[in-house]
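Line order of the protein sequences matches chains A and B. Note that the first sequence covers residues 21 to 133 in the numbering used here. Note that the second sequence covers residues 5 to 120 in the numbering used here. We treat Cβ as the ideally placed atom computed from N, Cα and C, and that holds for glycine.
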Amino acid sequence: GDSVTQMEGPVTLSEEAFLTINCTYTATGYPSLFWYVQYPGEGLQLLLKATKADDKGSNKGFEATYRKETTSFHLEKGSVQVSDSAVYFCALTTSNTGNQFYFGTGTSLTVIP
Amino acid sequence: GAVVSQHPSWVICKSGTSVKIECRSLDFQATTMFWYRQFPKQSLMLMATSNEGSKATYEQGVEKDKFLINHASLTLSTLTVTSAHPEDSSFYICSARGQRTNTEAFFGQGTRLTVV
Chain A
21 GDSVTQMEGP
31 VTLSEEAFLT
41 INCTYTATGY
51 PSLFWYVQYP
61 GEGLQLLLKA
71 TKADDKGSNK
81 GFEATYRKET
91 TSFHLEKGSV
101 QVSDSAVYFC
111 ALTTSNTGNQ
121 FYFGTGTSLT
131 VIP
Chain B
5 GAVVSQHPSW
15 VICKSGTSVK
25 IECRSLDFQA
35 TTMFWYRQFP
45 KQSLMLMATS
55 NEGSKATYEQ
65 GVEKDKFLIN
75 HASLTLSTLT
85 VTSAHPEDSS
95 FYICSARGQR
105 TNTEAFFGQG
115 TRLTVV
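Here you go:
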């Protein structure tokens, strides 16, 4: 079945450090890939997405490239800020599964000044 | 992006009572709504999927009679936790998808339920 495997946390970085959160997927069809962010006590917000191979999603300095050959969608940011502290979820959806979302376990990021 | 409003944001109820959580799509018609439950420091667990005007499809292990889902209109779905117990305490999140947004779902802000 479809699934997402995400790098376990928690991750603690100093401000302005480089961030990578790994995400790999398994899908029976052709998935769309997403990164969602959850700030403390809040719901999920879409951070970025990519719907086909080699697409790069980007938002707020975060980037992720849809790599079909490695079935990956790693999240990166060149210089993190304290305000980036949150939990990040990788997710996929495919039309094969009625567009149901499959989420990774989430990676908690804490950025310290 | 589209807006999904979930209400209430948090609720405390006594054991044995029922609690209703509302999920509204404010600026689009939500043909499909999803209800998730999130335990502390864990990912989202899909509870059920509902399409407007039809019965919800529940995931394995989710009690239909305990978690009543109604999707009576294209902008509103409700989750009612019946005869709540402390173990039902959790963070519940809805998401909605419309016909023109079929590769993306928009999430409500979540409801923190505490049963005492």
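Proximal residues to residue i (C-beta, below 6 Å), its chain only, five neighbours per side dropped
i: G126/A; result: V107, F109
i: R28/B; result: S9, T79, L80
i: G81/A; result: K97
i: T36/B; result: N55, R101
Residue i burial status per 10 Å Cβ neighbour count (16 or more: buried)
i: T115/B; result: buried
i: Q10/B; result: buried
i: W39/B; result: buried
i: L117/B; result: buried
i: E35/A; result: exposed
i: T53/B; result: buried
i: P60/A; result: exposed
i: Q64/B; result: exposed
Own chain residues within Cβ distance below 7 Å of residue i, not counting five before or after
i: V24/A; result: C43, Y45, C110, A111, L112, Y122, F123, G124
i: P66/A; result: The residue asked about is misnamed: residue 66/A is Leu in this sequence, not Pro. These residues qualify, in order along the chain: F54, Y56.
i: K3/B; result: Absent from the structure is residue 3/B, since the part of chain B shown begins at 5 and ends at 120.
i: W14/B; result: T115, R116
i: Q101/A; result: E35, V131
Bridge partners - residue i, DSSP secondary structure assignment
i: A109/B; result: According to DSSP, A109/B bridges with nothing at all.
i: L48/B; result: Q42/B
i: N55/B; result: T36/B
i: E89/A; result: E89/A is not bridged to any residue.
i: G102/B; result: A34/B
i: L64/A; result: Q58/A
i: H11/B; result: E26/B
i: N74/B; result: T82/B
For residue j and residue i, the rounded distance between their alpha carbons
i: V31/A; j: E96/A; result: 13 Å
i: T79/B; j: A73/A; result: 33 Å
i: Y96/B; j: L68/A; result: 23 Å
i: Q26/A; j: S92/A; result: 10 Å
i: S99/B; j: Y62/B; result: 15 Å
i: E26/B; j: P12/B; result: 7 Å
i: H94/A; j: G29/A; result: 14 Å
i: T85/A; j: F38/A; result: 16 Å
i: G57/B; j: L50/B; result: 20 Å
i: F43/B; j: S94/B; result: 6 Å
i: E108/B; j: T86/B; result: 30 Å
i: S115/A; j: P133/A; result: 43 Å
i: N79/A; j: T40/A; result: 15 Å
Residues near residue i by beta carbon distance below 8 Å, same chain, minus five either side
i: V120/B; result: I16, C17, K18, S19, P90
The stretch 77-91 of chain B: positions lying closer than 7 Å to chain A by Cβ: none
Contact residues within the stretch 17-36 of chain B, judged by C-beta distance below 8 Å to chain A: T36
Cβ-based contacts, 8 Å cut-off: residues of the stretch 34-54 of chain B near chain A: T36, F38, K45, Q46, S47, L48, L50, T53
Interfacial residues, the stretch 56-77 of chain A to chain B, with Cβ spacing under 9 Å: Y56, Q58, G61, E62, G63, L64, Q65, L66, K69, T71
Chain B contacts from the stretch 110-131 of chain A (Cβ-Cβ distance under 7 Å): T113, N119, Q120, F121, F123, G124, T125, G126
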